[in-house]
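Under the numbering used here, the very last position in the sequence shown is 238; numbers go up by exactly one each time.
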Amino acid sequence: MGRRTVQPRTVAVSCAGHVVLRGSPEELMPGLLAPLAGNRVEDPARFLPALGVAFDRLTPWERMIWTLQATPQPATVPHAVTVRHLEPADADAVHALGPDASWLSASWGGPRGLAASGHAWAAVGRTGRILAVACTYFRGTGYEDVAVYTVPDRRRHHLALFCVTSLCADIACRGHTPSWNCSIHNRASRLLAWNAGFRLVREYVHYAVGSPVSHDRLSA
């Protein structure tokens, strides 16, 4: 039997609730887009008409991309706090961060995957409680996108800055460039990025998509 070459017209790449669309939207039926429901989609403008037909809601979200370009501001680790790599034994402590931090480990398959990844630094208190985490969220061939979380009662203590700085040193040793992605409205994230040595590269828009429009509604 001869081989058939597959040449898709459209490609959707998905990870941890984020989707990148590339290719051509021509002949792209709404039903094919339905699995993207509830995700945040980054795509060229030519896909917007197809997305608008396929979903009941399409909410734009303005974003910023930064890369590490400058020397970070100095940070001092408070007494009784240790900044170190996350280890497999830290999985329960990552889980204990709760639902508000669940997104942090989504690209690693959950707390256990993040703890064992070798791509995360944490500020850990004397009791073993994790106070802040910085990790590689997406890893590409040239860039590693940084994600960070600090428990509410330890914010403004510069723990995240020290974790980010340590992680970026690791990323550089791997021959990659640290990158940062945040909402233009997230002032705290923008300030942390700047203090860690990141500088703005470009702005873009991705879209939070709602539920698929029913087939009956589309054919009415």
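In this text, a Cβ means the ideal position worked out from N, Cα and C, and glycines have one as well.
Model, not experiment: these values are computed from the prediction.
Ala138 sits away from Leu149, with the two beta carbons spaced by 8 angstroms or more.
For Ala165 and Pro96, the gap between their C-alpha atoms comes out near 22 angstroms. Asp61 is bridged by DSSP to nothing; it lacks a bridge partner. By the C-beta density criterion, Glu44 is exposed, having fewer than 16 other C-beta atoms within 10 angstroms. CA-CA distance, Trp212 to Pro90, rounds to 8 angstroms. With a cutoff of 8 angstroms on beta-carbon distance, Arg144 and Ala111 are scored as not near each other. The region 211–226 makes contact with the region 72–79: 3 or more CB pairs, one atom from each, lie closer than 8 angstroms.
Taken atom to atom, the span from the alpha-carbon of Leu132 to that of Trp121 is near 11 angstroms. Of the candidates Arg172, Pro196, Ala72, the residue whose Cα lies closest to the Cα of Leu115 is Arg172. Rounded to whole angstroms, the Cβ separation of Ala55 and Ala124 is 17 angstroms, and the two are not in contact under 8 angstroms.
With respect to the C-alpha of Gly146, the residue from Leu66, Leu210, Glu162, Leu104 having the closest C-alpha is Leu104. Checking the DSSP bridge columns, you'll see Met82 partnered with Cys200, Glu221.
For Val112, the secondary structure class from DSSP, reduced to helix, strand or coil, is helix. By the CB criterion at 8 angstroms, Ile189 and Glu80 fall outside the cutoff.
DSSP, reduced to helix, strand and coil, places Arg75 outside both helices and strands of the structure shown, so it counts as coil. Taking each of Ser42, Ala63, Val71, Pro62 in turn and checking the Cα distance to Ala52, the smallest one comes out for Val71.
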